[in-house]
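Per my numbering, residue 92 is the first one in the sequence shown, and the count goes up by one each step.
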Amino acid sequence: MSSRVRIEVPEGSGFGPTHLPYCVFRPLGEEPRVGVRLGDSIIDLAVALDDPMFHQPSLNAFMTQGPQCWREVRERVAVAADSELPAAAVHEVRAVRLDLPVEIGDYVDFYASLDHATALGSMLRPNGDALLPNWRHLPVGYHGRSGTVVVSGTEVIRPHGQRRTDSGAPDFGPSRRLDIEAELGFLVGAGSPLGTPIGTGDFAEHVFGVALVNDWSARDIQAWEGQPLGPFLGKSFATSLSAWVTPLDALTEARIPLPAQDPEPLPYLRDEAAWGLDIELRVSWNNQLVSTPPFRRMYWSPAQMLAHMTVNGASTRTGDLFASGTISGAERGERGSLMEMSWGGTEPIELNGVQRTFLNDGDEVVITATAPAVGGGRMELGEVRGRIAKAV
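Shown next, in the form of structure tokens:
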């Protein structure tokens, strides 16, 4: 008879039995498979549920099954987690390697924070309107590069590109204004066919879960190349995604109404249900907390983002990632990018006793987040971590 164990969850753990985030992990010397975190342990679902669908190198095979399957599996996992498990199904988090949890399809990045858009607009257009005329009418976004979405912990190599000079002509070299963007990502599980928009009321039928994102940004490269078509090489070199995917069903206590939207959005963008989220992020730079961006202040909801992304008939597929854009609040200590924290480099941040503006080689940024948990307390959404390596 095989041995069985019960997972003991430490008191105050942000990974309790009402959270159960998914991951893809590799035990030492073994192939990747899908797991769920409980406390400081990972449950191997292929073993615990005796289901080969979870002996896969990504969550895609599971996510494509759709919301009924997601809910049934979550219920089965909750039952298994509350009982003794086969010892072979339980692994310590610290003893495994975490992989990119999803095979990314398409990637879209939005610009959905009013505080962030107002701050950047004020810097870029000091004598004009902070917001462009379209901003309050639609969730502004752009299509990014899915092939450079990397799992948390992957080293980020400083990118090269063209940079504006005082002469008005560019030079070429490593970015001097390398930045972060603290974001929340949403992963599509059930896709939609070409020509079929997704309404705001169908958000939960298509989106599997959320994960933290750091969408690194080379501000000097972006500023020169971005006119008139927007982000390109200044953004496409790396986007870091957390290894932990929190299912939407774990966020029921985090759901809140959106802030007031004025003017009222067009009918296709009107939320049929509240998809504001009370999620608090924390940004640490070289082990110093520098910001606590509040997702609850986001102007556009993820349901509105998905509705706008597909209203022209664009299809979606399992593994598509769309991110919120930089999450910022109204105060300096709530800004989600160094561009805002240092006000374009004019107001340095004191970091471990040194005045700093943008990222140096060797710097490490860690973004974490918490949200209200079912049954009380707060759950942790994992982390997204990245260290800057010297340009090649």
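Glycine residues also receive a C-beta, built at the ideal position from the N, C-alpha and C atoms.
| task | Please name the residue or residues paired with PRO265 in a DSSP beta bridge. | result | HIS251
| message | Could you tell me the alpha carbon to alpha carbon distance between PHE413 and PHE277, rounded to whole angstroms? | response | 5 angstroms
| task | Give the DSSP bridge partners of LEU380, in chain order. | result | SER375
| said: Need the endpoints of the beta strand (DSSP E) that GLU274 sits in, please. | reply: 273-279
| query | Closest to LEU410 by CA distance: which of GLN156, PRO354, VAL138, LEU429 is it? | reply | Just to set this straight, residue 410 is Gly in the shown sequence, not Leu. Considering only alpha carbons, the answer is GLN156.
| Can you name the residues that DSSP bridges to GLY300? | LEU278, PRO338
| field | Candidates PRO192, ALA314, GLY126, of which the one nearest LEU140 by Cα | value | GLY126
| message | Would you call the region 460-478 in contact with the region 431-447, where contact means no fewer than 3 C-beta pairs closer than 8 angstroms? | response | no
| task | Drop a sphere of 10 angstroms on the beta-carbon of HIS228, count the other beta-carbons inside from all chains shown, and report buried for 16 or more, exposed for fewer. | result | exposed
| query | Can you find at least 3 beta carbon pairs, one from the region 464-480 and one from the region 282-289, that sit closer than 8 angstroms? | reply | no
| message | Since GLY196 and ARG373 should fall inside the 8 angstroms C-beta cutoff, what is the C-beta to C-beta distance between them, to a whole number of angstroms? | response | Not really, about 29 angstroms apart at Cβ, beyond 8 angstroms.
| Would DSSP call ASP369 helix, strand or coil? | coil
| Is it the case that the Cβ atoms of GLY235 and ALA221 are separated by a distance below 7 angstroms? | no
| query | Between which two residues does the beta strand (DSSP E) harbouring GLY259 extend? | reply | Counting along the chain, GLY259 falls outside any beta strand (DSSP E), and DSSP gives it neither H nor E.
| field | Buried versus exposed call for MET92 [16 or more other C-beta atoms within 10 Å across all chains shown] | value | For MET92, the predicted structure reports a pLDDT of 49, less than 50, and the residue's modelled location is therefore unreliable. The matter cannot be settled from this model.
| query | For the putative contact between ASP369 and GLN395, defined by C-beta atoms under 8 angstroms, what is the C-beta separation to the nearest angstrom? | reply | About 17 angstroms; that fails the 8 angstroms criterion.
| As assigned by DSSP and simplified to three states, the class of ASP200 | strand
| task | Drop a sphere of 10 angstroms on the beta-carbon of SER419, count the other beta-carbons inside from all chains shown, and report buried for 16 or more, exposed for fewer. | result | buried
| said: For the beta strand (DSSP E) containing ILE418, name the first residue and the last one. | reply: Taken as a continuous stretch (DSSP letters only), ILE418 belongs to no beta strand (DSSP E), as it is neither H nor E.
| From what residue to what residue does the beta strand (DSSP E) around THR459 run? | 455-463
| field | Residue nearest to SER415 in terms of C-alpha spacing, selected from ARG387, VAL184, PRO118, VAL138 | value | ARG387
| field | Contacts around PRO230, its chain only, beta-carbon distance under 6 angstroms, and the 5 residues preceding and following it disregarded | value | PHE201, ALA203, TRP391, GLN395, MET396, HIS399
| field | 7 angstroms Cβ cutoff met for HIS182 and PRO118 | value | yes
| message | If you measure between the beta carbons of ILE417 and GLU272, is that distance less than 7 angstroms? | response | A small correction: the amino acid at residue 417 is Thr; Ile does not occupy that position in the sequence shown. Taking 7 angstroms as the Cβ cut-off, THR417 and GLU272 qualify as a contacting pair.
| How big is the Cα-Cα spacing for GLY103 and LEU129? | 12 angstroms
| field | Cβ neighbour criterion (16 or more within 10 Å) applied to ALA329 | value | buried
| message | Please return the same chain residues whose Cβ sits closer than 8 angstroms to the Cβ of PRO101, not counting the five positions on each side in sequence. | response | GLY130, ASP131
| Bridge partners - MET470, DSSP secondary structure assignment | ALA462
| Alpha-carbon spacing of GLY107 relative to MET470, whole angstroms | 7 angstroms
| said: Rounded to whole angstroms, what is the Cα-Cα separation between THR239 and SER327? | reply: 7 angstroms
| request: Kindly list the residues whose CB is nearer than 8 angstroms to the CB of ARG310, restricted to its own chain and excluding five residues on each side of it in sequence; keep chain order. | output: SER266, ARG268, LEU269, ASP270, GLY325, MET430, PHE449
| message | Considering only DSSP beta bridges, list what ASN305 is partnered with. | response | ALA273, SER331
| said: Quick check on ILE98: buried or exposed, where buried means 16 or more other Cβ atoms within 10 Å of its Cβ? | reply: buried
| query | Looking only at C-alpha atoms, which of PRO177, MET144, LEU360 sits nearest to TRP161? | reply | MET144
| field | Residues near GLY264 in its chain [Cβ-Cβ closer than 7 angstroms; skip 5 each side] | value | HIS251, ARG254
| task | Could you pull out every residue in the same chain whose Cβ sits closer than 6 angstroms to the Cβ of THR459, ignoring the five residues on either side in sequence? | result | ARG373, GLU474
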